[in-house]
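Visitor: What follows is a structure written as structure tokens; I'll ask about it next.
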Amino acid sequence: MVCDPISYEPTIFTTLSTLLPILSFSCTDTDNITKGAAVDRFLMTGMSLFSRNVFSYVVDGVYDHTMFEVTISVSDGRHHTEAVAYIYVVPWTNSAPTTTTTAKTPQVVTVMSDYWDPEPWFVAVVMVTGVLLLLVTSLLIWAILSR
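Under my numbering, the residues of the sequence shown are numbered 1 to 147, in order.
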């Protein structure tokens with residue numbers, strides 16, 4: 001019966017969910033793995049080691065240890081060996097599991113400025129009307145001043 005390697009040294013953050021394994025063992029010729037965990041903090045499920053609950057590192061609160069030594073006893077009924085896991089916990093200000101947020105896709109806004117573009121015939125009519133109005137006004141002023 002062999003566990004390779006015989007010791008493990010994972011480093012985890014306090015935000016690690018209890019649903020994610022801390023590490024997975026690779027032991028051969030085993031019928032079952034019995035748990036050996038410091039202060040009953042850890043749980044063996046199959047060949048994976050899990051934490052029973054989240055770690056507490058709240059400022060001005062109760063602090064958990066930052067280093068745990070977990071001894072895993074491996075037996076196949078006749079033979080027995082042990083594997084050791086030295087788990088280092090990195091305190092984080094938020095001891096709740098992190099959540100993901102979805103990024104909003106940018107929206108493209110096209111601004112089109114409208115301007116008045118009259119037909120050429122309309123420009124000619126307005127021009128002729130303006131010239132005639134100026135001519136009539138000039139003649140009216142000349143008639144009034146010449147009396």
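Virtual Cβ for every residue (Gly too), placed ideally from N, Cα, C.
Here the structure is a predicted model, which means the values were calculated and not measured.
Buried or exposed: where does Ala-103 fall if 16 or more other Cβ atoms within 10 Å of its Cβ makes it buried?
Guide: The sequence position of residue 103 within the sequence shown is 103, counting from 1. Answer is exposed; the Cβ neighbour count stays below 16.
Visitor: Is it buried or exposed for Leu-140, if we count other Cβ within 10 angstroms and need 16 for buried?
Guide: To locate residue 140, count along the sequence shown from 1; it is residue 140. Exposed, by the Cβ-count rule.
Visitor: Between the region 42-49 and the region 65-74, do three or more beta carbon pairs fall short of 8 Å?
Guide: Because the criterion of three Cβ pairs below 8 Å is met, the region 42-49 and the region 65-74 touch.
Visitor: Taking Val-84 as the reference, which of Ser-73, Gly-77, Val-131, Val-90 has the closest Cα?
Guide: Position 84 of the sequence shown holds residue 84. Checked all of Ser-73, Gly-77, Val-131, Val-90; the closest Cα to Val-84 is Ser-73.
Visitor: Suppose you measure from the CA of Tyr-8 to the CA of Tyr-86; what does that come to, to the nearest Å?
Guide: Taking the sequence shown and counting its residues from 1, the one referred to as residue 8 is at position 8. Taking the sequence shown and counting its residues from 1, the one referred to as residue 86 is at position 86. Using only the alpha carbons, I get a separation of about 6 Å.
Visitor: Does the Cβ of Ser-51 have 16 or more other Cβ atoms within 10 Å, making it buried, or fewer, making it exposed?
Guide: Counting from 1 along the sequence shown, the entry for residue 51 is found at position 51. Burial call: buried.
Visitor: Within the continuous alpha helix (DSSP H) that includes Thr-14, where are the two ends?
Guide: As a first step, residue 14 is located in the sequence shown; it is residue number 14 there, counting from the start. No alpha helix (DSSP H) contains Thr-14, which DSSP labels as neither H nor E.
Visitor: Around the Cβ of Phe-122, are there at least 16 other Cβ atoms within 10 angstroms (buried) or fewer (exposed)?
Guide: Along the sequence shown, one-based indexing puts residue 122 at 122. When all chains shown are included, Phe-122 counts as exposed.
Visitor: Could you check where the beta strand (DSSP E) with Ala-103 kicks off and where it finishes?
Guide: As a working mapping, residue 103 is identified with position 103 in the sequence shown. Premise fails: Ala-103 is in no beta strand (DSSP E) and is neither H nor E.
Visitor: Could you check if Tyr-16 is buried or exposed, using at least 16 other CB atoms within 10 Å of its CB as the buried criterion?
Guide: As a working mapping, residue 16 is identified with position 16 in the sequence shown. The question names Tyr, but residue 16 is Leu in the sequence shown. Buried.
Visitor: What would DSSP say about Met-44, mapped onto helix, strand or coil?
Guide: The sequence position of residue 44 within the sequence shown is 44, counting from 1. Met-44: strand per DSSP, three-state reduction.
Visitor: Mapping the DSSP letters down to three states, classify Thr-28 as helix, strand or coil.
Guide: The count along the sequence shown starts at 1 and reaches residue 28 at position 28. DSSP places Thr-28 in strand when its eight states are reduced to three.
Visitor: Classify Leu-134 as buried or exposed, calling it buried when 16 or more other Cβ atoms lie within 10 Å of its own Cβ.
Guide: Here the question's residue 134 lines up with position 134 in the sequence shown. Leu-134 is exposed by the Cβ-count criterion.
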